[in-house]
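Contents: one structure, followed by commentary.
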Amino acid sequence: MSDLPPGSDPFASRSPYVPPGRMEPRSVWVYAGFWFRVLAWGIDACIISVAGWVVGLLLSPSLTVTLMNSGPGVGKYQISDLVRVSDIPAEYSYQFIHPAWHGSGLYELVQFILPALYYILFESSRLQATPGKMACRMRVTDIHGSRITIGRAAGRYFGKFLSFILMGIGFLMVMWTARKQGLHDLLAGTCVIRRQEEALVNFAPPG
1 MSDLPPGSDP
11 FASRSPYVPP
21 GRMEPRSVWV
31 YAGFWFRVLA
41 WGIDACIISV
51 AGWVVGLLLS
61 PSLTVTLMNS
71 GPGVGKYQIS
81 DLVRVSDIPA
91 EYSYQFIHPA
101 WHGSGLYELV
111 QFILPALYYI
121 LFESSRLQAT
131 PGKMACRMRV
141 TDIHGSRITI
151 GRAAGRYFGK
161 FLSFILMGIG
171 FLMVMWTARK
181 QGLHDLLAGT
191 CVIRRQEEAL
201 VNFAPPG
């Protein structure tokens, strides 16, 4: 893919003919703003949540709660039996509730890897965008407008953890940096661009 800075249109002909007095709108690439990126993130978060819910149905570990007291012995209840606090017998003391998580760790591993693979593979693919970004007509590129590698996409994804640790300031940097880059974009050398329609001004004299 050739380098295409924001503002260029790779799909338009080089010299489109425009009849006198008539100006057609054209599509250009611009740096994606903060709120468009928030909207794309919301769409992606919904998709990942649904996928995580499906994984949870298949791999979710069990939880056993042991209630201990000095009264009538010890009772064990599955979590499904403790939907309401009122389900716990009154004679049991809450300070003696002992939950036990039973699982192989596979569920937790998948829940960590799933969003990472989602962002890394989509953004480094030919699509250059997650479904959320595609819905908002956005792409992730390097600073020259080219498709990013898997390594750069991984650096961008894990760089978001640093943006999060800094009280979200790394994400807010999109509002004031020259290329509207977050901290993770600066670290990975990436940009997020958005395709938008731009109306051309008609300078034809009035008839």
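Under UniProt numbering, the first residue of the sequence shown carries the number 1, and numbering increases by one thereafter. In this text, a Cβ means the ideal position worked out from N, Cα and C, and glycines have one as well. For clarity, every value in this text was computed on a predicted model and none was experimentally measured.
Glutamate 197 is classed as exposed because its beta carbon has fewer than 16 other beta carbons within 10 Å across all chains shown. With respect to the 8 Å criterion, glycine 33 and lysine 180 are classified as neighbours on the basis of their beta carbons.
No Cβ-Cβ contact shorter than 8 Å links lysine 160 with histidine 144.
In this structure, DSSP gives cysteine 136 a state outside helix and strand, which the three-state scheme calls coil. The beta carbon of aspartate 142 is closer than 8 Å to those of Ile148, Arg152, Gly189, Thr190 and Cys191 in its chain, skipping five residues each way along the sequence. Taking C-beta atoms as the reference points, isoleucine 43 and glycine 132 count as a pair closer than 8 Å. The beta-carbon separation of methionine 138 and alanine 40, rounded to 6 Å, stays under the 8 Å limit for a contact. When secondary structure is reduced to three states using DSSP, isoleucine 143 falls in the coil class, being assigned neither helix nor strand.
Check the Cα spacing between arginine 195 and each of Ala135, Ile120 and Val50: the tightest is with Ala135. By the Cβ-count criterion, alanine 154 is buried, with 16 or more other Cβ atoms from all chains shown falling within 10 Å of its own Cβ. Per DSSP, valine 174 lies in no alpha helix (DSSP H) segment and is marked neither H nor E.
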